[in-house]
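Student:
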Amino acid sequence: MQPDPARIEQAVALLHAGQLVAFPTETVYGLGADAANPVAVARIFAAKGRPASHPLIVHVSGLAAARDWAASLPASAQRLAETFWPGPLTLVLPKARHVLASVTGGQESVALRAPAHPVARALLAAFGHGIAAPSANRYGHISPTRAADVQEELGDRVALVLDGGDCEVGLESTIVACLDGRVTLLRPGAVSRSQVADVVGPVSDPDADAPRAPGRLRSHYAPRTPLAILDPTDLQREVAAAAAAGERIAVLARGATLPASESVLWRRLPDEPGAYGRALYASLRLLDRAGALRILVEAVPGDEAWAAIADRLARAATRDSESAAGGVIDAT
Ligand code: TXA
Ligand code: MG
């Protein structure tokens with residue numbers, strides 16, 4: 139979907155006035171504010187109900203603009219940006235001095251991304267500064283992949299929602315830290331670990347030496363209905379048992395064929411990671427609204443092409459009292 143110049147102008151005026159504007163990116167919708175305005179940035183945290191310690195991604199138009207936000211640009215970061223920007227890759231770099239502590243969560247690093255969506259690019263070009271933006275959902279909930287989902291999440295907490303259609307990737311960006319001479323994968327996404335490694339060589343895991351703060355391990359990217367991941371055999375058995383008991387459940391299937399039953403709402407996603415990822419969050423929203431006791435999800439393959447999907451499903455299946463499996467990035 140192409141940008142409407144009048145809407146972009148309106149969005150830029152709101153950003154200059156310190157207001158929040160939601161905008162489409164190719165990954166998910168972002169909740170944007172002027173990254174240099176502390177009052178505007180504070181509004182993001184209030185609108186999301188997000189703890190202040192969680193840093194934000196600053197969206198920029200490209201590598202030249204990124205230099206304004208980073209104290210230095212390691213060669214690895216420069217090569218990654220040249221290869222994958224604009225696109226679904228966020229780089230965590232040493233922060234420039236002027237970057238607000240509220241944007242970095244008080245850390246010495248800043249996360250930067252140049253998005254590819256034409257509406258995001260038009261907005262960044264017209265605004266001419268960095269736009270701080272987390273995903274445009276309430277804290278801990280599923281990221282929005284359609285303008286209507288932003289409305290559902292945030293309502294009048296946001297001054298304007300720019301509609302850019304359905305997000306093409308549908309999952310949050312890959313996050314890679316280029317700090318202290320190491321390249322570390324913090325969150326899997328559409329740019330895979332091996333694509334990163336092809337450009338910069340070995341990629342570390344965050345848990346190799348970084349102790350994790352307990353708050354980073356909790357459930358996120360989650361629907362409100364309890365969610366479980368099952369392999370096809372267990373899924374068939376659970377669905378049959380629920381149908382027999384008349385228990386209302388919702389099922390997200392991939393290959394499995396399920397029995398027709400009044401109490402079972404099911405939806406099949408494509409057995410291909412790109413198309414699956416694009417449809418996942420909207421499908422979870424749909425199943426979450428069904429008034430089911432549980433959402434059962436058919437497990438996805440273990441290969442790299444499915445890594446980001448497997449990561450988000452594992453987090454969606456984790457309740458707040460448990461630990462998430464792997465990764466250190468909290469969904470926000
Ligand atoms: O695809 C995306 O990345 C979307 C679109 C809108 O760009 N944004 C997004 O933002 O997912 P958010 O805030 O929901 O998730 C960003 C993650 C958070 O988990 C945050 O902790 C992490 O990035 N992050 C931000 N700055 C960081 C930093 N300096 N060091 C480590 N992690 C950081
Ligand atoms: Mg988020």
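Those letters in the sequence shown? Residues 139 to 470, by my numbering.
Built from N, CA and C at the ideal position, the CB exists for glycine as well.
Flag this pair as yes or no: are the beta carbons of Leu90 and Val314 separated by less than 8 Å?
Tutor: Residue 90 is absent from the model: the chain starts at 139 and stops at 470.
Student: So, helix, strand or coil for Ile195, using DSSP?
Tutor: By one-based count along the sequence shown, residue 195 stands at place 57. Three-state result, Ile195: strand.
Student: Determine the closest residue to Ile367 out of Thr221, Arg450, Pro232 and Ser330, with distance taken between C-alpha atoms.
Tutor: Position 229 of the sequence shown holds residue 367. Of Thr221, Arg450, Pro232 and Ser330, the residue nearest in Cα terms is Arg450.
Student: Please return the same chain residues whose Cβ sits closer than 8 Å to the Cβ of His236, not counting the five positions on each side in sequence.
Tutor: Numbered from its first residue, the sequence shown carries residue 236 at position 98. Answer for His236: Ala174, listed in chain order.
Student: Which same chain residues end up closer than 8 Å to Asp304 when comparing Cβ atoms and leaving out the 5 residues on each side of it in sequence?
Tutor: The residue labelled residue 304 in the question sits at position 166 within the sequence shown. Once the five neighbours on either side are set aside, the close Cβ partners of Asp304 are Thr283, Arg284, Arg416 and Ala420.
Student: Nearest chain C C-beta to Leu309 closer than 8 Å, yes or no?
Tutor: Reference to chain C is not applicable here, since this structure consists of a single protein chain.
Student: At the level of alpha carbons, what is the spacing between Pro349 and Glu306?
Tutor: In the sequence shown, residue 349 corresponds to position 211, counting from 1. In the sequence shown, residue 306 corresponds to position 168, counting from 1. With a pLDDT of only 42 at Pro349, under 50, the local geometry of the prediction cannot be trusted, and the value read off the model is given with reservation. Rounded to whole angstroms, Pro349 to Glu306 spans 34 Å at the Cα level.
Student: Taking the CB atoms as reference points, tell me whether Ser281 and Val166 lie closer together than 8 Å.
Tutor: On the sequence shown, residue 281 is found 143 positions in, with the first residue counted as 1. On the sequence shown, residue 166 is found 28 positions in, with the first residue counted as 1. Yes, they are a contact pair.
Student: Have a look at Arg356 and Ser342 and give me their C-alpha separation to the nearest angstrom.
Tutor: To locate residue 356, count along the sequence shown from 1; it is residue 218. To locate residue 342, count along the sequence shown from 1; it is residue 204. Note that Arg356 scores a pLDDT of 49, beneath 50, so its modelled location is shaky and nothing firm can be said.
Student: For the segment 320–340 against the segment 185–194, are there 3 or more C-beta pairs whose distance is under 8 Å?
Tutor: Contact between the segment 320–340 and the segment 185–194 is absent, because fewer than three Cβ pairs lie under 8 Å.
Student: Take Val241 as the anchor and find which of Val389, Ile433, Pro176 and Leu425 has the nearest alpha-carbon.
Tutor: Taking the sequence shown and counting its residues from 1, the one referred to as residue 241 is at position 103. Looking at the Cα atoms, Pro176 is the closest of the given residues.
Student: Would you grab the beta carbon distance between Ser214 and Val321 for me? Rounded to a whole angstrom, and I think it's under 8 Å.
Tutor: Indexing the sequence shown from 1 puts residue 214 at position 76. Indexing the sequence shown from 1 puts residue 321 at position 183. Contact holds; Cβ gap of about 5 Å.
Student: Using only CA atoms, which one of Pro411, Arg457 and Leu317 lies nearest to Gly440?
Tutor: Residue numbering aside, residue 440 sits at position 302 when the sequence shown is read from its first letter. When only C-alpha atoms are compared, the closest one is Pro411.
Student: Just verifying my parser: in three-state terms, what is the DSSP assignment at Ser342?
Tutor: In the sequence shown, counting from the first residue as 1, residue 342 sits at position 204. Here Ser342 sits in strand by DSSP.
Student: I'd like to check one pair, Ala208 with Pro189: are the Cβ atoms closer than 8 Å?
Tutor: Residue 189 sits at position 51 when you count from the first residue of the sequence shown. Residue 208 sits at position 70 when you count from the first residue of the sequence shown. In this structure, Ala208 does not lie closer than 8 Å to Pro189 by Cβ.
Student: Go ahead and pull the three-state DSSP assignment for Gly327.
Tutor: Along the sequence shown, one-based indexing puts residue 327 at 189. It is coil, neither helix nor strand.
Student: Quick one: measure Cβ to Cβ for Ala274 and Leu292, integer angstroms, because I've assumed they're closer than 8 Å.
Tutor: Walking along the sequence shown from the start, residue 274 turns up at place 136. Walking along the sequence shown from the start, residue 292 turns up at place 154. 6 Å between Cβ atoms; contact.
Student: Buried or exposed: where does Gln157 fall if 16 or more other Cβ atoms within 10 Å of its Cβ makes it buried?
Tutor: Reading the sequence shown from its first residue, position 19 is the one you call residue 157. Gln157 should be labelled buried.
Student: Keeping to the same chain, check which residues put their C-beta closer than 8 Å to that of Ala151; ignore five residues upstream and five downstream.
Tutor: Residue mapping note: residue 151 aligns to position 13 of the sequence shown, counting from 1. So the list is empty, once near-sequence residues are dropped.
Student: Could you give the residue range of the alpha helix (DSSP H) that holds Pro256?
Tutor: By one-based count along the sequence shown, residue 256 stands at place 118. It spans Pro256 to Phe265 - the alpha helix (DSSP H) in which Pro256 sits, taken as one unbroken run.
Student: Would you decide whether Thr471 is buried or exposed? Buried here means 16 or more other CB atoms lie within 10 Å of its CB.
Tutor: Beyond the ends of the chain as shown, which are 139 and 470, falls residue 471; an answer cannot be given.
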